[in-house]
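Here the structure is laid out as structure tokens; the discussion comes afterwards.
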Amino acid sequence: MAHDFDWSSIPSALPFLAQGLLVTLEITLVALVVGLVWGTLLALMRLSAVAPLRWFAAGYINLFRAVPLVMVLLWFFLVIPQLLTALFNLPPGTDVRMTSALVGFALFESAYYAEIIRAGIQSVPKGQLSAATALGLSKAQAMRLVILPQALRNMVPLLLTQAIVLLQDTSLVYVSALADFFGTAYKVGDRDGRLVELLLFAGAVYFVLCFALSRLVQRLQRKLTA
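If you want the working numbering, it's the position in the sequence shown, counting the first as 1, plus 300.
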């Protein structure tokens, strides 16, 4: 039987969907920033001459890259509330779903950013490091002032592409009942009996956002290779 589409419930749902979209963008932005910072440190540890640092970084990256994201989010949804309650003596029933989602996404994404950053660093000719140290720079200074800026130029398209994947993956926070954009669309559609329409609308919004970002990545890539 054909579905009788009725889009009339979407205009009244827009304020709720906008709030959910803000949650989605907040998770994306925080996970992106923290993932880049922690991922850079992991990449440097992976390339370090100190064996324990290499082992730790390799173990961390392999662990998070081998486990599905939805399972990681479930782990943190179950663990983080108890941990925060024990550390900060939070009252029972405190809602820490957002914190759990942010921690889970940030730690998960950092493993992928670490590999992108490590590949970017290794793409810089080794002679650059030798030349920098010959000029009197320490290895840390050479990495910060010479290697990383050049590596960043090579990494930007991949980093932005991973950010698009991150935006898409935020829909998985439904496992913690967090009111992100997808979760809000599902709840409103289920409440109004228009689940198909709301999910199609949510999919269209995701498509527009991701398509616009992908075009931006392509344009930026053309500029970098020009």
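All residues carry an ideal CB built from backbone N, CA and C; glycine is no exception.
Would residue i pass as a contact of residue j if the rule is Cβ separation under 9 Å?
i, j, result
"LEU495", "TYR486", "yes"
"ALA313", "LEU498", "yes"
"LEU466", "ALA331", "yes"
"ILE416", "GLY320", "no"
"PHE482", "THR324", "yes"
"TYR412", "PHE356", "no"
"GLY427", "MET455", "no"
"ALA414", "ILE361", "yes"
"LEU509", "LEU460", "no"
"GLN422", "LEU341", "no"
"PHE501", "ILE310", "yes"
"SER471", "PHE377", "no"
Please report the distance separating the alpha-carbon of residue i from that of residue j.
i, j, result
"SER430", "THR385", "50 Å"
"SER438", "ALA451", "18 Å"
"GLN382", "VAL403", "14 Å"
"LEU458", "LEU387", "37 Å"
"ASN389", "ALA358", "34 Å"
"ARG354", "ILE380", "27 Å"
"ASP469", "MET398", "15 Å"
"VAL333", "ALA406", "8 Å"
"VAL424", "GLY436", "19 Å"
Can you check which of these residues, the options, is closest to residue i by C-alpha distance?
i, options, result
"LEU374", "GLY359, SER400, SER514, ALA366", "SER400"
"TYR474", "VAL505, VAL370, ASP304", "VAL370"
"PHE316", "GLN518, ARG491, GLY335", "ARG491"
"SER410", "VAL372, GLY493, LEU513, ALA502", "VAL372"
"LEU520", "CYS510, ARG453, GLY335, GLN468", "ARG453"
"TRP307", "GLY489, THR484, VAL334", "GLY489"
"ASP480", "GLY493, ALA463, GLN462, TYR506", "TYR506"
"PRO368", "PHE377, PHE408, PRO311", "PHE408"
"VAL337", "ARG418, ALA504, ASP304", "ARG418"
"ILE464", "VAL396, ALA366, ALA349, SER514", "SER514"
"GLY503", "GLN518, THR484, GLY493", "THR484"
List the whole-angstrom C-beta distance separating residue i from residue j, where the pair is believed to meet the contact cut-off of C-beta under 8 Å.
i, j, result
"THR433", "ALA442", "6 Å"
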